[in-house]
Amino acid sequence: MRRGGVGGRGVPPGTLRITQKAARGTEVKMAARASVAGGGRLMDKFRKWYYNAAGFNKLGLMRDDTWYEDDDVKEAVRRLPEHLYNERMFRIKRALDLSLKHQILPKDQWVKYEEDQHYLEPYLKEVIRERLEREQWNKK
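Its first residue numbered 5, the sequence shown is counted upward by one per residue in the numbering used here.
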């Protein structure tokens with residue numbers, strides 16, 4: 005902030021004024037805050053829309069059932085507890101059966117966005133962390 009008007013002319017001495025550059029920065033910060041405040045609800049609505057538009061939930065699949073099975077995902081699936089593994093296999097087999105018949109589940113059996121659990125993520129993160137650690141160790 006500077007004292008005085010533009011070039012110090014026309015404004016009584018001792019008054020504070022915000023420079024144009026500082027004012028623009030304030031406007032940008034205020035606008036950013038406003039968009040972030042409403043952005044959470046908007047993003048949540050978009051996530052729900054995209055989740056339903058993807059269609060895997062209509063076959064009874066969860067998001068983690070749809071991962072491409074590379075080496076990391078295969079290892080994470082192998083580490084799943086038996087009950088989670090069996091539930092995953094049931095969902096995948098049922099989805100394959102429905103897909104072959106060109107059918108979907110009744111709407112009351114669709115997996116809802118709020119009910120979807122990311123059951124594979126902790127195991128996958130652990131596998132990736134171990135792989136990266138192993139690669140770092142092999143570099144030495």
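Every residue, glycine too, gets a C-beta built ideally from N, C-alpha and C.
Nearest neighbour of residue 67 by Cα position, chosen from 127, 121 and 139, turns out to be 121. For a cut-off of 8 Å, the C-beta gap from residue 84 to residue 92 is around 7 Å, short enough to register as a contact. 65 is the residue among 137, 65, 82 and 55 whose C-alpha sits nearest the C-alpha of residue 113. In the structure shown, residue 64 adopts coil according to DSSP, grouped into three states. The DSSP-derived three-state label of residue 74 is coil. Between residue 136 and residue 63, the beta carbon gap of about 33 Å keeps them out of contact (Cβ cut-off 8 Å). Apart from sequence neighbours up to five positions away, the residues of its chain that approach residue 71 with a beta-carbon distance below 6 Å are 77, ordered along the chain.
The Cβ-Cβ distance between residue 74 and residue 99 does not fall below 9 Å. Counting other Cβ atoms within 10 Å of its Cβ, residue 46 stays below 16 and is therefore classed as exposed. Here residue 80 is near residue 130, since their CB atoms are less than 9 Å apart. When only Cα atoms are considered, residue 59 and residue 144 end up about 46 Å apart. The beta-carbon distance between residue 55 and residue 117, rounded to whole angstroms, is 5 Å. This is short enough to meet the 8 Å contact definition.
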